[in-house]
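Colleague: For what it's worth, the numbering used here labels the leading residue of the sequence shown as 29, then goes sequentially. Backbone N, C-alpha and C fix where the C-beta goes; we use that ideal spot for every residue, glycine too. The structure under discussion is supplied below as structure tokens; questions concerning it will follow.
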Amino acid sequence: MKNSLSKLLSYYYPVAGRLRLSKSGRMELDCNAKGVTLLEAETTNTFVDYGDDFSPSEFTDELIPKLDDTQQPIEEIPLLLVQLTRFHSGGDCEGLAIGVLLSHPLTDATGIIDFMNRWAKLSRGEELDPNEIPFLDRTLLKFPDIWLEKPREVNTREISKLDTSTLQHIPTSKLLDQWKKPVVPQTPEDDGIDKPKKRSGAMLKLTSSQVERLKNKAMANNHQSSKQGSRPNYSRFEVVAAHIWRCASKALGDDLTQVRFSVNFRNRMNPPLPHNYFGNAVANVATPEGDIISNPLGFAAHKIREASHAVTDEFVKSQLNVSRLGQVQLDNIRAFFMRQGHRVNIPYALNHNVLFLTSFTNMPVYESDFGWGKPVHFGLASRSPADRAAILPSPDGDGVIVALFFQTALMQLFKNYFYEDMYLSLL
């Protein structure tokens, strides 16, 4: 696996580089070939010890490499860390866990899944096809300044009226100095924010039949049906995301106001980006606010669709231009990359009732066959300062798995609503 990873990095050479700040204050990817970190570990635990579903927890996080980024500058931190953990409960190797820690500024979920599948193919002794070679030219996402004359509601919230009242702005000169030094974690008291709530993980299954019933329910009671003249045909993502949103809102007592998620815009550009583009080709959007609990499932599904459909070629170009100008965006990128302490630049996520949602439903997450068969599990770590949910394809092909990381005190309440509402949808 080490040799095949080394070979793969000859194609994905930016992964072996480092992040740095330019003199102008922009984050840059320095392709300096400093390499990645590959760790090997062994455990006497068995798969059974991690539960039937490997629910996100501190226990399962042992299978993922740890990064102490407080003792080194950003320019020295690897962009990819991999931990290979062998299971040795009875003397023989009973399995292997591949834990991956990847810098999000480097690429998105599509990019890392492609990376893992290409690595697996090389490990099997095969060669990459020409269409599997990553496309690395990021100048495709450099555009002349473009601003939306009449931003849609989502655009307005995400671009023109970003709430920065709780974010601390740092002059570029000080930001540069700050990045060059090790980070000293700040406590919630230092930031003037509330202490983050304890969170735990769960894996919740929805069968294909249950997903289909959710679709039918959303289409039957959608408030837009009469306006459009026909019932909208909602996607699997839209109805499952809407179901998660409503359950979280009920568990929080109607405090949850938004769902934030990323939209892959590779095929939404004009012209489209190459299918093998390696980089961040996602736009972050937020659902328009609305009374989610009192309205039916179709209302929430329509809000999800509304946010997703706002991502157009024009929207992407506008958002990318804004991100180049906004210092807050740099702060946020750094905060989520460093993943240490409760910084002055992440209280927006901690203080607002926002559920962060990711979907892997259309990604080949179970295709990483390194020569011993396809993986039996794909999941996420529990390292997050906010409520999160990921919609994963089920390994048996029947429906989806919702990997949930939610407030511990409200987790059981969420589960109750999740399956009670499902029961009602089956009536």
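1. What's the call for ILE419, buried or exposed, on a 16-neighbour Cβ count within 10 Å?
2. Cβ of ALA335 within 8 Å of Cβ of VAL310?
3. How many angstroms separate the CA atom of LEU108 from the CA atom of THR340?
4. Could you have a look at SER237 and say whether DSSP puts it in helix, strand or coil?
5. Which word fits LEU134, buried or exposed, when buried means at least 16 other C-beta atoms lie within 10 angstroms of its C-beta?
6. Taking C-alpha atoms, which residue in GLU160, GLY407, ILE321, MET55 lies nearest to PRO423?
7. Do you know how far the Cα of GLY153 is from the Cα of GLY79?
8. Beta-carbon separation of VAL64 and PRO106 under 8 Å?
9. List the DSSP bridge partners of GLY28.
10. Does the contact criterion of 3 or more C-beta pairs under 8 Å hold for the segment 144-164 versus the segment 383-397?
11. Assign GLN100 to one of three DSSP states: helix, strand, or coil.
12. Determine the DSSP secondary structure at TYR420, reduced to helix, strand or coil.
13. Roughly how many angstroms lie between the CA atoms of ILE126 and SER322, to the nearest whole one?
14. On the DSSP bridge assignment, give the partners of ASN312 in chain order.
15. Give the DSSP-derived three-state secondary structure of ILE320 in the structure shown.
16. Just mark PRO84 as buried or exposed, buried being the case when its beta carbon has 16 or more other beta carbons within 10 Å.
17. With respect to the beta strand (DSSP E) encompassing ILE429, which residues constitute its N-terminal and C-terminal limits?
18. Are at least three pairs of beta-carbons, each pair with one atom in the segment 261-274 and one in the segment 228-247, less than 8 Å apart?
19. Indicate the three-state DSSP secondary structure (helix, strand or coil) for TYR229 in the structure shown.
20. Need the endpoints of the beta strand (DSSP E) that GLU70 sits in, please.
21. So LEU325 is in the alpha helix (DSSP H); what residue range does that whole segment cover?
22. Short check: CB of ALA269 to CB of VAL287, under 8 Å?
23. So for THR389, helix, strand or coil by DSSP?
24. Taking 8 Å as the threshold, find out whether the segment 270-281 comes into contact with the segment 429-443 through three or more Cβ pairs.
Modeller: According to the structure shown:
1. Start at 1 with the first residue of the sequence shown, and residue 419 comes out as number 391. Buried.
2. Residue mapping note: residue 335 aligns to position 307 of the sequence shown, counting from 1. Residue mapping note: residue 310 aligns to position 282 of the sequence shown, counting from 1. No, Cβ-Cβ distance for ALA335 and VAL310 is not below 8 Å.
3. Stepping through the sequence shown from its first residue, residue 108 is reached at position 80. Stepping through the sequence shown from its first residue, residue 340 is reached at position 312. Their Cα atoms are separated by approximately 31 Å.
4. Looking up residue 237 in the sequence shown gives position 209. In the structure shown, SER237 sits in a helix (DSSP, three-state: H, G or I).
5. As a first step, residue 134 is located in the sequence shown; it is residue number 106 there, counting from the start. With 16 or more Cβ atoms within 10 Å of its Cβ, LEU134 is classed as buried.
6. Working through the sequence shown from its first residue, we reach residue 423 at position 395. Closest option to PRO423, Cα to Cα, is GLY407.
7. Your numbering for residue 79 matches position 51 in the sequence shown. Your numbering for residue 153 matches position 125 in the sequence shown. Looking at the two C-alpha atoms, the distance is approximately 33 Å.
8. Mapped onto the sequence shown, residue 64 falls at position 36. Mapped onto the sequence shown, residue 106 falls at position 78. In this structure, VAL64 sits near PRO106, with a CB-CB distance shorter than 8 Å.
9. In this structure the chain extends from 29 to 455, so residue 28 is not present and cannot be described.
10. yes
11. Locating residue 100 in the sequence shown gives position 72, counting from the first residue. If DSSP states are grouped into helix, strand and coil, GLN100 belongs with coil.
12. Mapped onto the sequence shown, residue 420 falls at position 392. For the record, residue 420 in the displayed sequence is Leu; it is not Tyr. If DSSP states are grouped into helix, strand and coil, LEU420 belongs with the strands.
13. Counting from 1 along the sequence shown, the entry for residue 126 is found at position 98. Counting from 1 along the sequence shown, the entry for residue 322 is found at position 294. Approximately 43 Å between the Cα atoms of the pair.
14. For this step, residue 312 is matched to residue 284 along the sequence shown. Note: ASN312 sits in a beta bridge opposite SER290.
15. To locate residue 320, count along the sequence shown from 1; it is residue 292. In the structure shown, ILE320 sits in coil (DSSP, three-state: anything other than H, G, I, E or B).
16. As a first step, residue 84 is located in the sequence shown; it is residue number 56 there, counting from the start. Flag for PRO84 reads buried.
17. Position 401 of the sequence shown holds residue 429. Run containing ILE429: 428-435, per the beta strand (DSSP E) assignment.
18. yes
19. Translated into positions along the sequence shown, residue 229 becomes position 201. Per the sequence presented here, residue 229 reads as Gly, with Tyr not at that position. Three-state DSSP puts GLY229 in a strand.
20. Sequence index remark: in the sequence shown, residue 70 carries index 42 (1-based). Run containing GLU70: 65-71, per the beta strand (DSSP E) assignment.
21. Translated into positions along the sequence shown, residue 325 becomes position 297. Run containing LEU325: 325-337, per the alpha helix (DSSP H) assignment.
22. Mapped onto the sequence shown, residue 269 falls at position 241. Mapped onto the sequence shown, residue 287 falls at position 259. Yes, the pair counts as a contact, with Cβ atoms nearer than the cut-off.
23. Indexing the sequence shown from 1 puts residue 389 at position 361. Looking at THR389 - three-state DSSP - the assignment turns out to be coil, as it is neither helix nor strand.
24. yes
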